[in-house]
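Read the structure below first, then the notes.
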Amino acid sequence: MSWLARGWFSVAVFGLLLLALPGLYLFGLHVAGMETQANEWLEANLRMSFHMALPLAAAGVLLSLPFLLVLLYFLKLKRKALQVSSTFLWKKSIEDLHVNSLFQWLRKNVLLLLQLLAVLGLIYSILAPKFFARGGQGRRYVILVDNSASMGATDVAPNRLEQAKDAAIAEIDAAGDADAGMVIAFNSAAEIRQSFTSNKQVLKQAVRDIQATFRATRIEEALSLADSLANPTRSTEDVAVRPDASPRAYVQPETPDITPVHLFSDGRFPDAPDFATGSLRVQFHAIGQPGPEVDNVGIVGFSATRDDFDPSRMFVNVRVQNYRPKDSAVKVGLTVYVENRLHKEYEKSASIDGRVSEPAKSQAAPEGEEKPVPGRDLPGEVNLSFEVPEVDDRLEIVLRARLEGNKDVFPADDAAFLVVGVVRKASVLVVGPPNPVLNAFFDDPATRVVCEVAKLTKDELGDKVKYLEPAQQGKFDLVIFDRCAPEREDQLPQANTVFVGRPPPPWQAVGQKQPEGKTVERVDQPAIKGWTNQHGLLRYLTGLHEVGLYEAYRIGGLPPRTPKLMEGDRDLLLMFTLSRGPYTDAVLAFPIVNDIGEWNTNWPLLPSFPLFWRNVLYTLGNIRDASAEENVQPGQVKTLKPGPGINKLQVTPPNNAQATQLDRGTRADFAFGGTDQMGVYSSSWDGGSRRFAVNLLDSDEGNLQPRPGIRIGAEVVTAGVPDKRPRELWKWLILAALVVVLVEWYVYNQRVFV
Amino acid sequence: MTTEAKSNLLTPDFLHRLEQLELVSRKIFSGRMKGERLSKRKGQSVEFADYRPYTVGDDLRFLDWNLLARLDKLFLRIFHEEEDLHVYLLIDNSLSMDFGTPSKLHFAKQVAAALGFVGLNNLDRVVVEAFNDKLSQNMPAIRGRRSLWRLLGFLDQLGPAGPSDLSKAMRSFSLRCSGKGVAILLSDFLDKNGFEEALRYLVARQLDIYVIHVLAPEEINPEVAGDVKLVDIEDSDEAEITVSRPLLDRYKKNLDAFRGGLYEYCTRRGITCIFAPSDTPFEGLVLNYLRRKGLVQ
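Chains as they are written, first to last, in our numbering: chain F, 1 to 754; chain X, 755 to 1051.
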């Protein structure tokens, strides 16, 4: 063992120097700008990465510090004066030592070892090595946090949203220091809470700031947002090239990076089968207590209709779903308020079957692998009907349904509100030659319930009493011009209009001289190629491609960004809307009946035809009907139509907080977006007021069982194992270096161990 | 040096024990006055030494009449002459002696006081000389126990001062010193010019020389660490050192070599060299160690 005693120091110095080489090599790579390549190799082979935790200048200074200290150590710049009886022997010793000082110093200087250890600790600490973390730079990732109503469920403590936020913060921690992250909170809409940044603190704070909402969940918008921002499309054209603001050609980047999207949600949203993930790689992090044990019963439907024969009698229907795996007894209470005063209370009990859930199955994929398919589940459901007599149909009624004595983890769906307003009929004017098809719709008793219809001939358009004055005074809600139109724009009514088979002024009829830049051409036998069902006019319409047309008109010179509702072949626009101040002019570029009374289309034979005209009435006719009014979910925009001549309106939320002032501006109606709370909102304007209810009423939100997988595009994304939280090593190395320096100081001053 | 230390150079109990000792000189020197020491000269003491035949002119009082009666021959009785002894106590009081805990000077003064008391008790002529780079202070020769207070008084007021120059001081001493006797040199010998020349002056005076080499424990095992600037207490000479094991080892080797060199030099010249760290128990040193070394008996 004597050789060990003699040689340990040399071996230790040599070993420490060898240990320093990789660190110095990595530092050199970083200085040379090759950190990315080095990290790729490290990740592939050692599952670790490094990143210079400090700016280069600071790292250089830190690296030079130990050497500076060593230099000072040798330069002996500052020494403590100590009186001795004689320097005689000391000087002699120094002289002796100087003869072979380097050898002596190297032979047994533990200080050297400690210094080397400290230098090593510092080098490796500023290289910030990490295990289980991704290094590199410029990599992007997106954090999607679901803050919809179902995330407020308390099946996990304190609730799902907090769990999602914790998981998201852990994911941010797992990212490399150079990775840029983006935080998007989504519910029925998506909102960027933090754009791409590599500052983890900012990202974490953005996650922490996400608040719970009562909104429903839609994933498409969030994914679209993430996709567009992760790899934005690029265009080589700009305004100078396309001054008329015509659509520019956007292209995807040639080599888009695969951007990981971390989706923190319970998966309770409709799948997005039409979304192309493209360059996004969605990683689904399922939040919530897994398994079929869901403790929730909720109201998912709440509607009221008045008796057709006795308007003072009302039928209220409450639909309750049971998401528990076992049968549940519920007691539904209904409270009727008339003009803010309690009118009556009702209560009904029922037993609801338990939820039937089919477990997920595995389906053989073409590649021979098995793909999991999320199972279906059918909650138990019961419809409870209440008959509410003696309710004045001239008064506004507020209904409140609630589950009495129900305790579950999701109280948001235990109550619902409904406002049954006074029916307001639309005032409709139909102008044009006789049209039996339109007459059949507008003369129908069901139509007459919601609207008053007046009819004029084409010649009466110039009549001051019959048309011009009432039109200018806004007496009509909707004017339908069938194969005719006012001659000039100033003769257009102060109302929404529908032009059938004739363009609105300034366009003239086909064959007549058109103003400059405007054209109208006849097109024979066009085919319907596409339509949008997003617009209110075409909502719920299907099978429009079966509609055959004999002739139509190609109307040229439309303003840019004209909403295209229905398109035909040969780049033909068959239906569109034009904005005219607060009013909308809808244009059908084909007649229903031609000038000689023959049908131009087979559309009236299809079910979509009366639905279309119903949509026209309800969308453009300013009808208010309790039975037809759609439920407004939290976060949805509520459209308010107080009637013509009203330009200002204020909305008070359910908690009577600050009222919101709305200005109509150039819009046809008031749009109120602040519907974040559930309950009854009150809108008031000069001369009137109206209330409306906001309810969740969403089966997807109420069914709290986290889905194990979601379908996005053609891909089923299953909840994955979260990434391991990285263990930062460099701070420990810094600490080790400090300890080493302290030990060094102690040993140095104790001398006993020198 | 504290007042308490000054007044406690010698304790009464220790003095009592010292009374039984006397200084030993390997050389028998003649003294000027009669003391309790047998001189080489035959004299009139009561201690019989020898007989010798009578020669004309001898003092008839010393004739041994009994022998004349028995042998009918004249023999003279010879008695040892009792003489006093010159005891020179040479104390280095340079600044370097004021170092260590306890300080070397205090230790040297204690030893000097003890040996001086032994000398006085034996009616030796005790001379104390303090020196640094010269003979700085001296105490006239004293004799007898009653002079102890003068010895202690001198030693008490003796303080550190000045740089040391051993050879110059010993040269002055050798010129001044007239009588022969025992010279006890108490010093740390930390003289950058060396100690050899100084000892040669003493040797040349035919003195019976005892060297007591006093060093402080801090000099034997230095308690220094780190980067320090050593300042010489005498000439403010500076030495910047970084304390390390090799340096300390080298220092100790040099110290051992220095002590060894002094010891060898002294031994070769019949000088008794006694090494006494200043933290050595003083009484034990005088009562045991110096007795074994032959300085006292």
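In this text, a Cβ means the ideal position worked out from N, Cα and C, and glycines have one as well.
Owing to the predicted nature of the structure, the values given are computational and were not obtained by experimental measurement.
Cβ neighbour criterion (16 or more within 10 Å) applied to residue i
i: residue 823 of chain X; result: exposed
i: residue 678 of chain F; result: buried
i: residue 1021 of chain X; result: exposed
i: residue 596 of chain F; result: exposed
i: residue 670 of chain F; result: buried
i: residue 389 of chain F; result: exposed
i: residue 893 of chain X; result: buried
i: residue 924 of chain X; result: buried
i: residue 616 of chain F; result: buried
i: residue 231 of chain F; result: buried
i: residue 911 of chain X; result: exposed
i: residue 600 of chain F; result: buried
i: residue 541 of chain F; result: buried
i: residue 908 of chain X; result: buried
i: residue 406 of chain F; result: buried
i: residue 1044 of chain X; result: buried
i: residue 469 of chain F; result: exposed
i: residue 947 of chain X; result: exposed
Chain X contact for residue i (CB, 7 Å cutoff)
i: residue 84 of chain F; result: yes
i: residue 15 of chain F; result: no
i: residue 173 of chain F; result: no
i: residue 742 of chain F; result: no
i: residue 81 of chain F; result: yes
i: residue 93 of chain F; result: yes
i: residue 88 of chain F; result: yes
i: residue 96 of chain F; result: yes
i: residue 12 of chain F; result: no
Backbone secondary structure at residue i - three-state DSSP
i: residue 875 of chain X; result: helix
i: residue 926 of chain X; result: helix
i: residue 661 of chain F; result: strand
i: residue 604 of chain F; result: helix
i: residue 1035 of chain X; result: coil
i: residue 282 of chain F; result: strand
i: residue 633 of chain F; result: coil
i: residue 742 of chain F; result: helix
i: residue 1020 of chain X; result: helix
i: residue 383 of chain F; result: strand
i: residue 303 of chain F; result: strand
i: residue 865 of chain X; result: helix
8 Å contact criterion, which residue i and residue j should meet: CB distance rounded
i: residue 387 of chain F; j: residue 313 of chain F; result: 7 Å
i: residue 212 of chain F; j: residue 296 of chain F; result: With a Cβ gap of about 16 Å, residue 212 of chain F and residue 296 of chain F do not count as contacting.
i: residue 621 of chain F; j: residue 451 of chain F; result: 6 Å
i: residue 202 of chain F; j: residue 113 of chain F; result: Between residue 113 of chain F and residue 202 of chain F the Cβ distance is about 42 Å, and since that is not below 8 Å, they are no contact.
i: residue 846 of chain X; j: residue 942 of chain X; result: 7 Å
i: residue 499 of chain F; j: residue 485 of chain F; result: 6 Å
i: residue 526 of chain F; j: residue 568 of chain F; result: 4 Å
For residue i, the residue or residues it bridges with in DSSP
i: residue 194 of chain F; result: F/183
i: residue 298 of chain F; result: F/321
i: residue 892 of chain X; result: X/883
i: residue 350 of chain F; result: F/330
i: residue 840 of chain X; result: X/879, X/935
i: residue 807 of chain X; result: X/829
i: residue 709 of chain F; result: F/718
Chain F within 7 Å of residue i, Cβ atoms only
i: residue 994 of chain X; result: yes
i: residue 1034 of chain X; result: no
i: residue 845 of chain X; result: no
i: residue 922 of chain X; result: no
i: residue 857 of chain X; result: no
i: residue 1005 of chain X; result: yes
i: residue 987 of chain X; result: yes
Check: residue i C-beta below 6 Å from any heavy atom of the ligand ZN
i: residue 949 of chain X; result: Because no ligand of any kind appears in the structure shown, any question about the ligand ZN cannot be addressed here.
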